[in-house]
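In the UniProt record's numbering, the protein residues as written are 1 to 312.
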């Protein structure tokens, strides 16, 4: 009770459950797989940004995204402060996302308990290190990003099995064996992740060649996104990357971006530098690549920078 103008007024105490959850349940939690991260990313519509809504994560065997950006899913219906893992304002075009079936893979029961109770401070520091690593990667400092991701693992070893961001940094530092190991750990936790399977292939293609990498290919569940199913089949079975790009050239901006990006990455696995450059530059210079704050849009730019195709 606090006296205000001579009157006793009850002060509202912070919710002991919601408060420690706020930092943990961010719009793009670091441990989410690439596939889930991209699906959740669509929640970052301009309307969602205006209302400063931070989606939370229910554990459910079947999840559906609403068609209206005014009522985003995964929410406590509470207004939160600015986005935790977002580094720039979102300007993504809003599209209704496909339904996602299957269970969300959270880091561990003990990790959730730490988040709910305040637990070990190392868990929070690890998440902050991941955020710093993601920001450094977006800025083109791949080595610096890896330092932060490794620091996160040192602080909280449970994070390692979910750090797909670390695998991407390892790829661009030519540490392909460690990158493949990272992606295999991720897929072991989420056997439905298409992109991590393909990134494992990309790492192993650099180590052993395309044929051997394909013999080691990590098969995963069916991705709900047509563009990712097409890319996955290309990497798994071989084929013509040009057909993948052609199929999505006149479609949505994000589909064209991903078709171009993975076509270019596939060409890189085959050592076809000119074709790889053509498509990854197209992805980076597309409207989605330029305007979206998707982590993979930043990756396309990092790829071009690391190959000296563009300058900062």
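Glycine included, each C-beta is placed from N, C-alpha and C at the ideal position.
Could you tell me if residue 249 is buried or exposed, where buried requires 16 or more neighbouring beta carbons within 10 angstroms of its beta carbon? exposed
Tell me the DSSP secondary structure of residue 308 in three-state form. coil
To the nearest angstrom, report how far apart residue 306 and residue 221 are at their CA atoms. Cα-Cα distance, rounded: 32 Å.
What's the call for residue 205, buried or exposed, on a 16-neighbour Cβ count within 10 Å? Flag for residue 205 reads buried.
Can you give the Cα-Cα distance for residue 276 and residue 295, rounded to whole angstroms? 20 Å
Using the Cβ count rule (16 or more neighbours within 10 Å means buried), how would you classify residue 145? buried
Would you report the Cα separation of residue 271 and residue 121, rounded to the nearest angstrom? 45 Å
How many angstroms separate the CA atom of residue 140 from the CA atom of residue 304? 10 Å
Expressed to the nearest angstrom, what Euclidean distance is found between the alpha-carbon atoms of residue 216 and residue 176? 14 Å
Buried or exposed (CB count within 10 angstroms, at least 16 for buried), residue 136: Residue 136 should be labelled buried.
Comparing C-alpha positions only, which one of 165, 133, 210, 212 sits nearest to residue 195? Answer by Cα proximity: 165.
Could you pull the start and end residues of the alpha helix (DSSP H) that residue 269 belongs to? 253 to 269
Quick check: residue 203 and residue 232, are their CB atoms within less than 9 Å of each other? no
Let me confirm a value: residue 308 is counted as buried when at least 16 other C-beta atoms fall within 10 Å, else exposed. Which label applies? Flag for residue 308 reads exposed.
In terms of residue numbering, what span does the alpha helix (DSSP H) encompassing residue 212 cover? 210 to 215
Check residue 249 in the structure and name its three-state DSSP category. coil
Do residue 264 and residue 283 have their beta-carbon atoms positioned less than 9 Å apart in this structure? yes
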